[in-house]
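The numbering of the first sequence is my numbering, which starts it at 8 and goes up by one.
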Amino acid sequence: MHLKTLRNITKFKPIERNFYLRETIEVAEELLGQLLVRVIDKNLMAVRITEVEAYRGLLDPASHAYRGKEGRARIMFGDVGYAYVYLSYGVHYCINVVAKSEDQEAGAILIRSGEPVIGYQFMKLFHDREKCKISSGPGNLTKSLNINASYNGYDLTAGTELYISRGWLNKGEKIVSSTRVGISRATDKKWRFLIAGNCTVSKKP
DNA sequence: GGGACGATGTCCT
DNA sequence: GGACATCGTCCCC
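#1: Excluding the 5 residues flanking Glu-168 on each side, which residues of the same chain have their C-beta closer than 6 angstroms to its C-beta?
#2: Under three-state DSSP, which class holds Asn-159?
#3: In or out: Asn-205 buried (at least 16 other Cβ within 10 Å) or exposed?
#4: Starting from the Cα of Thr-186, find the closest Cα among Arg-199, Trp-175, Lys-178 and Gly-174 and give me that residue.
#5: Express the C-alpha separation of Gly-121 and Ile-182 in angstroms, rounding to a whole number.
#6: Going by beta-carbon coordinates alone, are Leu-28 and Val-87 separated by less than 8 angstroms?
#7: Using the DSSP secondary-structure output, state which residues sit across from Ile-32 in a beta bridge.
#8: Give the secondary structure of Thr-186 by DSSP, where H, G and I count as helix, E and B as strand, and everything else as coil.
#9: Applying the 10 Å Cβ sphere with the 16-neighbour rule, what's the burial state of Lys-178?
#10: Secondary structure at Thr-57, three-state DSSP: helix, strand or coil?
#11: Can you tell me which of the three DSSP states Arg-14 falls into?
#12: Pick out whichever of Ser-157, Tyr-62 and Lys-49 has its Cα sitting closest to the Cα of Leu-94.
#13: From Gly-126 to Asp-110, what does the alpha carbon distance come to, in whole angstroms?
#14: Where does His-134 sit, in a helix, a strand or coil, going by DSSP?
#15: Please classify Arg-192: does DSSP put it in a helix, a strand, or coil?
#16: So, are the CB atoms of Ser-209 and Lys-197 less than 8 angstroms apart?
#17: Evaluate contact between the segment 29-38 and the segment 100-120, counting only Cβ atoms and requiring at least three cross-stretch pairs below 8 angstroms.
#18: Exposed or buried, what is Leu-212 when buried is set at 16 or more other beta-carbons lying within 10 Å of its beta-carbon?
#19: Could you tell me which of Arg-74, Gly-166 and Ala-53 sits nearest to Ile-22, measuring between CA atoms?
#20: For the segment 97-152, which segments carrying the beta strand (DSSP E) assignment without a break, of at least 3 residues, lie completely within its bounds, in sequence order?
#21: For a quick check, are the C-beta atoms of Asn-159 and Ile-82 less than 8 angstroms apart?
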């Protein structure tokens, strides 16, 4: 990251809860460029979010919330700004942030990829990869930031061990949408958003 | 109770 | 491009 940009960030302050109290898809798009901040024993790490997917509620067949609130996705029916973390394929953790308008019963955004901006060397202790690959894809992202199931239900607005803070979009960066990755239902919905051309995006649209 | 199946990543050919 | 690791959840028998 450029020093100029770093100077503009006076403090890593979590984004307020109201940011997430809007239509899931709208929040998803605006999450691009924001910072996912991780603090472990006074070590600071942050990635700039480059790829996300919106998952809605009872009307989205691809969503874990599709079958109702009595399953693993019950967090998605709760208050906004909290993390929904689940184990994928028995191997990888994936992290979502709950976001929905007051009209929506459920909704969350899967954070798929990020670009390391702070603490890359520390991240490598958890996942030793080059910068473009270390947080590319939902499983790699959680591995590089040492996020596991204990963060399911964690408040991402508290500003403690894990939170989201204001970031930036670089000049000329464009946001594009595409269909979501790895799903077998509702494959027509273009609810994946990414920063075009960024090397950390997991699968080019 | 049991089996199929993932919002994936890696390694092999 | 394909096999497979690996386990929680869900759905059906």
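Ideal Cβ placement from N, Cα and C applies to all residues, glycine included.
Here's the rundown:
#1: Val-46
#2: coil
#3: buried
#4: Arg-199
#5: 14 angstroms
#6: yes
#7: Ile-32 pairs with nothing; no bridge assigned.
#8: coil
#9: exposed
#10: strand
#11: Caution applies to Arg-14, whose pLDDT of 48 falls short of 50 and renders its modelled position unreliable; the value that the coordinates give is listed next. Looking at Arg-14 - three-state DSSP - the assignment turns out to be helix.
#12: Ser-157
#13: One C-alpha to the other measures close to 39 angstroms.
#14: coil
#15: coil
#16: no
#17: yes
#18: The sequence shown places Pro at residue 212, rather than the Leu named in the question. By the neighbour-count rule (16 or more Cβ atoms within 10 Å), Pro-212 is not buried but exposed.
#19: Nearest option by C-alpha distance: Gly-166.
#20: DSSP assignment within the segment 97-152 yields the following whole beta strand (DSSP E) runs of 3 residues or more, N-terminal first: 99-105 and 115-125.
#21: yes
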